[in-house]
Amino acid sequence: MGKKKYKFVEESVDLKEEHDIQEETAPQDGIKKKIKVRARKLFHPFMSYLKSYQEFAQHLPRRFMEFDEEKLAEEEENIEEEKSDENEASGDEQTVDKIDRKKGPQFGSATRAKTIAELKERLAKMRGKKLDYQERLKKKGIKSRLTKKERLEERAKLKKEKMKAKKTKGNLTKPTASEDEKADVESDVPKKPLPEPKMVFSKLELPEEEKFKKKVNKDPKRMLQKIQKSQAKLKMLEEKGKVETVKKIKEKLTWDKAIQKAEGVKLKDDVELLKKTIRRKTEIKNKSKKKWDQRKESVEHRKEEAQKKRKENITKKKKEKKTKKIKKSIKKGRVVI
Numbered sequence: 001m002g003k004k005k006y007k008f009v010e011e012s013v014d015l016k017e018e019h020d021i022q023e024e025t026a027p028q029d030g031i032k033k034k035i036k037v038r039a040r041k042l043f044h045p046f047m048s049y050l051k052s053y054q055e056f057a058q059h060l061p062r063r064f065m066e067f068d069e070e071k072l073a074e075e076e077e078n079i080e081e082e083k084s085d086e087n088e089a090s091g092d093e094q095t096v097d098k099i100d101r102k103k104g105p106q107f108g109s110a111t112r113a114k115t116i117a118e119l120k121e122r123l124a125k126m127r128g129k130k131l132d133y134q135e136r137l138k139k140k141g142i143k144s145r146l147t148k149k150e151r152l153e154e155r156a157k158l159k160k161e162k163m164k165a166k167k168t169k170g171n172l173t174k175p176t177a178s179e180d181e182k183a184d185v186e187s188d189v190p191k192k193p194l195p196e197p198k199m200v201f202s203k204l205e206l207p208e209e210e211k212f213k214k215k216v217n218k219d220p221k222r223m224l225q226k227i228q229k230s231q232a233k234l235k236m237l238e239e240k241g242k243v244e245t246v247k248k249i250k251e252k253l254t255w256d257k258a259i260q261k262a263e264g265v266k267l268k269d270d271v272e273l274l275k276k277t278i279r280r281k282t283e284i285k286n287k288s289k290k291k292w293d294q295r296k297e298s299v300e301h302r303k304e305e306a307q308k309k310r311k312e313n314i315t316k317k318k319k320e321k322k323t324k325k326i327k328k329s330i331k332k333g334r335v336v337i
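Reminder that position 209 of the sequence shown reads as 209 in full-length UniProt numbering, one-by-one numbering, no gaps.
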């Protein structure tokens, strides 16, 4: 038994080692296969490209294929001369472009101009002459300085004008016109004719002091209650023996009513009419209440009918399902109890 176990362990170890070796070599083999596949794919198009290029080269004329050694040598000499000229020009530029931070740019021995007039004179001199490379650079520098100075001067002027305008705005006072000028203006302006007075009938003109109108009570019940209260107070005063005060109050009330009628206010002080309006409103309310109750009843009745229909439909569906199941079981030969 011990030997068999030992052999089995050795075989399992050997199998593990083989498996590890295969795993190590597997990715390398896969990469090689991929490279071979790509090479096969690219081989045919590359060969077709070579063939097409050979055919194209055969049809070309000889002057494209043959090279003159003399012409090539001349071209090389021209290129070298151009390079030497460029190096000389760059050396000149280095001497010209020396700029001091304090003094500014200086072209050779020329000093910097202090005013615009000097710059303009130098430009005029430059325009008459045929300029070299260094003189052209000077001309460009003078032009750029001129434009910069002019722009700076314009900006300074605009700033000064703005500052003056701001100062004058704060200290401005409206000029007072003299009496003669006022009289001339009044004489020039045409006077509008005054509107003619109109006659107004059945209305009293009162001063317009009360801008906001007082709220009028439109509820007939409250109006009736007010009238009844006032009448009860007058009766109480008459019973006490204050007849003069009652007369004064009645006169005041009559005057107030007359003024209100003149203004166009509708007075609602008739007790019988107020009672009629109250009755009419109560009747309208009762009618609307009845209609509302009928509507509620109809809505509830419809709801009940809909619920009944729903329940009936549910019971029908349940019965139909049961009958279908029974029929299926009978077909299959099952016993239905």
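Virtual Cβ for every residue (Gly too), placed ideally from N, Cα, C.
Sorting E121, K233, I31 by C-alpha distance to the C-alpha of K250 places K233 at the top. When DSSP states are grouped into helix, strand and coil, T323 belongs to the helix group. By the neighbour-count criterion, in which 16 or more other beta carbons inside 10 Å mark a residue as buried, L152 falls on the exposed side. Counting along the chain, the unbroken alpha helix (DSSP H) around L234 starts and ends at 220 to 240. Contact between I142 and L119 holds, with the beta-carbon distance rounding to 5 Å and staying under 8 Å. Rounded to whole angstroms, R145 and E76 show a C-alpha spacing of 42 Å. Per DSSP, reduced to three states, the secondary structure at V265 is coil, with no helix or strand assignment. By the CB criterion at 8 Å, L267 and K261 fall inside the cutoff.
The DSSP-derived three-state label of D293 is helix. K281 is the residue among K281, M47, R40, K242 whose C-alpha sits nearest the C-alpha of K221. Shown here for K309: not one same chain residue has a beta carbon closer than 8 Å to its own, the five before and five after excluded. Taken through DSSP and simplified to helix, strand or coil, K275 comes out as helix. When the five nearest sequence neighbours on each side are left out, the beta carbons in the same chain lying within less than 7 Å of the beta carbon of V271 are those of L224, I227, in order along the chain. Judged by DSSP in its simplified three-state form, T315 adopts helix. Around the beta carbon of L274, 16 or more other beta carbons sit within 10 angstroms, so the residue counts as buried.
The beta carbons of K148 and I116 sit no closer together than 8 Å. In the three-state reduction of the DSSP assignment, G141 falls in the helix class. Looking from the CA of D219, the closest CA among K331, I278, E154, K229 belongs to I278. In the three-state scheme derived from DSSP, where H, G and I count as helix and E and B as strand, T115 is classed as coil.
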